[in-house]
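Novice: Chains as they are written, first to last, in the working numbering: chain A, 1 to 105; chain B, 1 to 105. Below is the structure I would like to discuss, written out as structure tokens.
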DNA sequence: TATTATTTATTCTATAAATTAGAAAAAACT
DNA sequence: AGTTTTTTCTAATTTATAGAATAAATAATA
């Protein structure tokens with residue numbers, strides 16, 4: 001019963017969606033643009049590190065590009081365990097959200 | 001941009017589902033039975049307190065029932081803010097999970 | 001062409017908040 | 001008194017939050 005946190009879920013899903021362009025800055029930007037979520041810098045990199053440590057993501061150093069500047073990008077990819085973790089969340093969501101009774105205030 | 005945690009979501013949804021029978025023990029039991037999630041005692045009561053403090057739940061003392069024993073139950077109910085918080089999560093889930101590309105390992 | 005400025009990006013670290021675990025206390029019935 | 005059901009309380013661990021510091025590359029300027 002290992003259940004990932006909300007932040008971990010959102011980051012894993014973003015890595016999934018960004019495919020070969022998932023690194024700190026684009027992940028943060030996607031969460032802002034797509035979902036309106038304002039994460040601080042640490043709010044992205046701290047969980048990214050943790051997800052790699054836990055084996056749900058792998059990371060690899062990007063090559064320098066003919067763009068302005070910056071440290072070389074660290075790209076992320078889902079591992080099979082990362083996909084599994086997301087699948088468990090999806091199942092959990094289905095169980096918890098389906099067939100709710102009428103709300104009773 | 002106030003986004004509830006996974007535990008908060010699960011507890012709010014359980015209170016919703018249990019209607020007039022939502023108190024610490026039944027909430028814990030439902031999470032175990034329906035979703036296989038093993039929360040410790042504190043894992044339920046600590047966030048319940050917080051959700052009341054935040055105004056997403058209200059609580060009221062139950063009357064003694066002709067059952068064996070125990071402190072009198074504290075029942076919980078969703079507030080409108082609690083419902084709103086869940087709706088925001090639902091929207092977020094839709095945004096994040098819909099139309100994911102093929103997974104690219 | 002050096003030198004400085006600007007841009008893009010990560011690393012690092014401290015504080016706050018949430019989770020986890022379970023012992024202790026409370027209250028009722030047997 | 002003993003047993004059962006339930007909550008209260010609190011300490012330790014893990015996550016989240018925030019942003020300064022650092023790094024590395026190009027662009028601008030003297």
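Glycine is no exception: its CB is placed at the ideal position from the N, C-alpha and C atoms. In this text, all values refer to a predicted model and were calculated from it rather than measured experimentally.
Round the Cβ separation of residue 74(B) and residue 62(B) to the nearest angstrom and send it over; I've been treating them as touching at under 8 Å.
Specialist: That belief holds up - the Cβ atoms of residue 74(B) and residue 62(B) are roughly 7 Å apart, short of 8 Å.
Novice: Using C-beta distances below 7 Å, list every residue in its chain close to residue 47(A), excluding the 5 sequence neighbours before and after it, in chain order.
Specialist: Cβ neighbours of residue 47(A) beyond the five flanking positions: 7, 8 and 11.
Novice: Tell whether a beta-carbon distance below 8 Å holds between residue 76(A) and residue 35(A).
Specialist: Against a cut-off of 8 Å, the Cβ pair of residue 35(A) and residue 76(A) comes out as no contact.
Novice: Counting contacts by CB-CB distance shorter than 8 Å, is residue 3(A) in contact with chain B?
Specialist: For residue 3(A), the answer is yes, since a Cβ of chain B falls inside 8 Å of its Cβ.
Novice: Among 72(B), 52(B), 94(B) and 13(B), whose alpha-carbon lies nearest the alpha-carbon of residue 99(A)?
Specialist: Among 72(B), 52(B), 94(B) and 13(B), the Cα nearest to that of residue 99(A) belongs to 13(B).
Novice: Which whole runs of the beta strand (DSSP E) in the region 7-92 of chain B are 3 residues long or more, in chain order?
Specialist: Qualifying beta strand (DSSP E) stretches, in chain order: 57-61 and 74-78.
Novice: So what does DSSP say about residue 3(A), is it helix, strand or coil?
Specialist: Residue 3(A): coil per DSSP, three-state reduction.
Novice: Ordered along the chain, which non-local residues of its own chain (more than five positions away) have a Cβ less than 8 Å from that of residue 56(B)?
Specialist: So the qualifying residues of the chain are 4, 8, 12, 78, 79, 81, 82 and 85.
Novice: Please list the partners that residue 35(A) has in chain B, where partner means a Cβ-to-Cβ separation under 8 Å.
Specialist: Per Cβ cutoff of 8 Å: 92, 95 and 96.
Novice: Assuming residue 32(B) and residue 38(B) make a contact with CB atoms under 8 Å, what is their CB distance in whole Å?
Specialist: Going by Cβ atoms, the distance from residue 32(B) to residue 38(B) rounds to 6 Å, so yes, they are a contact pair.
Novice: Along chain B, in chain order, which residues have C-beta atoms closer than 7 Å to that of residue 110(A)?
Specialist: Within the shown structure, residues of chain A are numbered from 1 to 105, placing residue 110(A) beyond reach of any answer.
Novice: When burial is assigned at 16 or more other CB atoms within 10 Å of the CB, is residue 71(A) buried or exposed?
Specialist: Under this definition residue 71(A) is an exposed residue.
Novice: Between the region 48-66 of chain A and chain B, which residues of the former have CB atoms less than 7 Å from a CB of the latter, in chain order?
Specialist: Listed in sequence order: no entries.
Novice: Measure the alpha-carbon distance for residue 20(B) versus residue 95(B) and round it to whole angstroms.
Specialist: Rounded to the nearest angstrom, the two C-alpha atoms are 32 Å apart.
Novice: Say whether chain A places a C-beta atom closer than 8 Å to the C-beta of residue 44(B).
Specialist: No, residue 44(B) does not count as interfacial toward chain A.
Novice: Would you mind stating whether residue 15(B) and residue 25(B) have Cβ atoms separated by less than 8 Å?
Specialist: Cβ atoms of residue 15(B) and residue 25(B): not closer than 8 Å.
Novice: Give the straight-line distance between the Cα atoms of residue 90(A) and residue 92(B), rounded to the nearest whole angstrom.
Specialist: Cα to Cα, residue 90(A) sits roughly 13 Å from residue 92(B).
Novice: Using a beta-carbon distance below 8 Å, is residue 121(B) in contact with chain A?
Specialist: An answer regarding residue 121(B) cannot be provided, because it is not within the stretch 1 to 105 covered by chain B.
Novice: Chain A partners of residue 11(B), CB-CB under 7 Å?
Specialist: Chain A residues near residue 11(B): none, gap ~10 Å exceeds 7 Å.
Novice: Any residues in the region 68-83 of chain B with a beta carbon nearer than 9 Å to a beta carbon of chain A? Which ones, in chain order?
Specialist: Taking 9 Å as the Cβ-Cβ cut-off against chain A, the residues of the region 68-83 of chain B that qualify are 77, 78, 79, 80 and 83.
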